[in-house]
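>
Protein chains: 2
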Amino acid sequence: MISQKAQYAFRALIALARSEDEEISLISDIASGQNIPKKFLEQILLDLKRHGIVQSRRGKMGGYLLLKSADEITFGEVLRIVDGPIAPLPCLSKMAYRKCDGCDDENSCEIRQVFARVADATREILDKTTIADAIASPDYEGIPLTA
Amino acid sequence: MISQKAQYAFRALIALARSEDEEISLISDIASGQNIPKKFLEQILLDLKRHGIVQSRRGKMGGYLLLKSADEITFGEVLRIVDGPIAPLPCLSKMAYRKCDGCDDENSCEIRQVFARVADATREILDKTTIADAIASPDYEGIPLTA
DNA sequence: TTAATCTCTATCTATTTGGTAGAGATTGTC
DNA sequence: GACAATCTCTACCAAATAGATAGAGATTAA
Chain A
2 MISQKAQYAF RALIALARSE DEEISLISDI ASGQNIPKKF LEQILLDLKR HGIVQSRRGK
62 MGGYLLLKSA DEITFGEVLR IVDGPIAPLP CLSKMAYRKC DGCDDENSCE IRQVFARVAD
122 ATREILDKTT IADAIASPDY EGIPLTA
Chain U
2 MISQKAQYAF RALIALARSE DEEISLISDI ASGQNIPKKF LEQILLDLKR HGIVQSRRGK
62 MGGYLLLKSA DEITFGEVLR IVDGPIAPLP CLSKMAYRKC DGCDDENSCE IRQVFARVAD
122 ATREILDKTT IADAIASPDY EGIPLTA
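Written out as structure tokens, the structure is:
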């Protein structure tokens, strides 16, 4: 499961992307519009700013804007900032590799081989899907995804 | 990330599958062989037993055996028992569907649409890969997976 | 100067993770 | 029948993480 925090981050970025050409967005407006606790959102946006995803202006008339354009912000990038490594095992993480506890030979680890495929498939989607893609995609019409 | 507990479960099942035709396996032997805290492993195996994955015999000469054959035990099934839902969002879980906090229309949720693809790709791998597959697969020889 | 806004750091609570402890039940062997 | 080996069950515990909340500070427009 991705964290609640990551969901908030995605919602905020989508909201920012949607209001791109309009005005600068207030944290308060995003918070109330997307139903996100305001003080929590402040921290999230600040973090995204530090990582070069969004920009801000302080003081009266201040607020937030995207820094990168929506088609350059991937879900993978955002998820790594907010939730940390995407990989299902520490030994499969690109951003924070660690040897698994008590694992002596990664090449012969059966678990690693299975989850390497999961990691690849996940990255293939998350690192290639942008906020712009998400906004552009039509409502789902097929077989219910929860079936 | 999958939990440490899930990693222990997989290691134990692989060990059980490997010693299938030989003797019944002692918790103690699996624990020391796989470097798993024994009391913790007891709980894990008990849980796997309750879910019909393994069987046990009590008393002297007791121990554990697989109940299902190794090619009928999928990684997905084990992961769901040990770690709970695999889906990255509650609204995408098959085994434990919940509406996401503050989400009113799932069909138009952009986040859901992106992560539905992740969930499908993950399940495609985990629900089709068995313990037997994992044991059979040759050591990885290509480009390092952590590159 | 003031009000609006973002910034920063500290703190808090509940839950989850990763165990440990110990008494109990069952079974094979002498 | 006693005993030792083994699984079974329930309770407990410490550390980490998640999901916030609080409040003082810095900056800016008017």
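So the protein lines, in turn, are chains A and U.
So in our numbering, spot 54 of the first sequence is number 55, and the numbers just go up one at a time.
So in our numbering, spot 9 of the second sequence is number 10, and the numbers just go up one at a time.
A virtual CB, placed ideally from N, CA and C, is assigned to each residue, including glycine.
1. Would Q35 of chain U pass as a contact of A13 of chain U if the rule is Cβ separation under 8 Å?
2. Does any CB atom of chain U fall closer than 8 Å to the CB of G143 of chain A?
3. For R58 of chain A, write down the residues that DSSP places opposite it in a beta bridge.
4. Run through DSSP, which three-state label would S131 of chain U get?
5. Would you say F76 of chain A and L93 of chain A are within 8 Å of each other, going by their C-beta atoms?
6. Examine chain U for any beta-carbon lying closer than 8 Å to the beta-carbon of T147 of chain A, and answer yes or no.
7. Should E111 of chain A be labelled buried (16 or more other beta-carbon atoms within 10 Å of its own) or exposed?
8. May I ask you to list the residues that DSSP assigns as paired with T75 of chain U?
9. What span of residues does the alpha helix (DSSP H) with E43 of chain U cover, start to end?
10. The alpha helix (DSSP H) spanning L27 of chain A covers which residue range?
11. Compute the beta-carbon to beta-carbon distance between A122 of chain U and I126 of chain A, rounded to the nearest angstrom, for a pair I have assumed lies under 8 Å.
12. What's the C-alpha gap between S4 of chain A and E24 of chain U?
13. Determine the burial state of S29 of chain A: buried for a count of at least 16 other Cβ atoms within 10 Å of its Cβ, exposed for fewer.
Taking the coordinates as given:
1. The sequence position of residue 35 of chain U within the second sequence is 34, counting from 1. The sequence position of residue 13 of chain U within the second sequence is 12, counting from 1. Yes; because the gap between Cβ atoms is below 8 Å, this pair is in contact.
2. Within the first sequence, residue 143 of chain A is the residue found at index 142, counting from 1. Below a pLDDT of 50, predicted positions are generally treated as unreliable, and G143 of chain A, at 43, falls in that range; no measurement from the model is reported.
3. By 1-based counting over the first sequence, the position of residue 58 of chain A is 57. Note: R58 of chain A sits in a beta bridge opposite A:G64.
4. Stepping through the second sequence from its first residue, residue 131 of chain U is reached at position 130. With the sequence shown as reference, residue 131 of chain U is identified as Thr, and Ser is not the correct amino acid for it. Three-state result, T131 of chain U: strand.
5. Translated into positions along the first sequence, residue 76 of chain A becomes position 75. Translated into positions along the first sequence, residue 93 of chain A becomes position 92. Cβ distance not < 8 Å, so F76 of chain A and L93 of chain A don't count as in contact.
6. Position 146 of the first sequence, counted from the first residue, corresponds to residue 147 of chain A. Note that T147 of chain A has pLDDT 45, beneath the 50 cutoff, so the model's placement of it is unreliable and the number below is only indicative. Closer than 8 Å: yes.
7. Translated into the one-based positions of the first sequence, residue 111 of chain A becomes position 110. With 16 or more Cβ atoms within 10 Å of its Cβ, E111 of chain A is classed as buried.
8. One-based indexing of the second sequence puts residue 75 of chain U at position 74. DSSP lists U:T131 as partners of T75 of chain U.
9. Reading the second sequence from its first residue, position 42 is the one you call residue 43 of chain U. Residues K39 to R51.
10. For this step, residue 27 of chain A is matched to residue 26 along the first sequence. Taken as a continuous stretch (DSSP letters only), L27 of chain A belongs to no alpha helix (DSSP H), as it is neither H nor E.
11. Stepping through the second sequence from its first residue, residue 122 of chain U is reached at position 121. Stepping through the first sequence from its first residue, residue 126 of chain A is reached at position 125. With a Cβ gap of about 6 Å, A122 of chain U and I126 of chain A count as contacting.
12. Residue numbering aside, residue 4 of chain A sits at position 3 when the first sequence is read from its first letter. Residue numbering aside, residue 24 of chain U sits at position 23 when the second sequence is read from its first letter. About 44 Å.
13. Residue 29 of chain A sits at position 28 when you count from the first residue of the first sequence. When all chains shown are included, S29 of chain A counts as exposed.
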